[in-house]
Amino acid sequence: MPTIAIVGAGSGLGLSIAKAFGDNGFSVALVARTQEKLDALAADLKEAGIEAAGFAADVMEPATVAAAFDRIKERFGAVDVLEYSP
75 MPTIAIVGAG SGLGLSIAKA FGDNGFSVAL VARTQEKLDA LAADLKEAGI EAAGFAADVM
135 EPATVAAAFD RIKERFGAVD VLEYSP
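Just so we're aligned, residue 75 is where the sequence shown starts under the numbering used here, counting upward by one.
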């Protein structure tokens, strides 16, 4: 299954993109600063039948982004599409 990573995921544009890709067979990796918000977004997507998970990272701290993408790779494999909207 292909994977999209959405960096700067939120309840507006990020969630809409996640739903659109998820409805078309993508797993969704959500990346933003707050794990609790990511967990809520992932739960919303899972209710819609979309495989999703949140990975906390702050784009102002590159090491956290690298660590998040390591965890994404462990969970979903390679990222096929990257959407960046911090």
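Ideal placement from N, C-alpha and C gives every residue a C-beta, glycine not left out.
On a predicted model such as this, the values are computed, not experimentally measured, just so you know.
So residue i and residue j are supposed to be a Cβ contact under 8 Å. How far apart are they, rounded?
i      : j      : result
Gly96  : Val105 : Not quite, the Cβ-Cβ distance comes to about 15 Å (not below 8 Å), so this is no contact.
Leu112 : Gly128 : 2 Å
Who does residue i pair with in a DSSP beta bridge?
i      : result
Ser101 : Thr77
Glu157 : Ile80
Quick one, which of the options has its alpha-carbon nearest residue i's?
i      : options                   : result
Thr77  : Tyr158, Ile146 and Asp118 : Ile146
Ile91  : Ala116, Glu110 and Thr108 : Ala116
Glu125 : Phe150, Ala137 and Thr108 : Phe150
Asp144 : Ala130, Met134 and Glu157 : Ala130
Pro160 : Glu110, Asp132 and Lys120 : Asp132
Leu119 : Ala140, Ala142 and Gly84  : Gly84
Asn98  : Val139, Met75 and Gln109  : Met75
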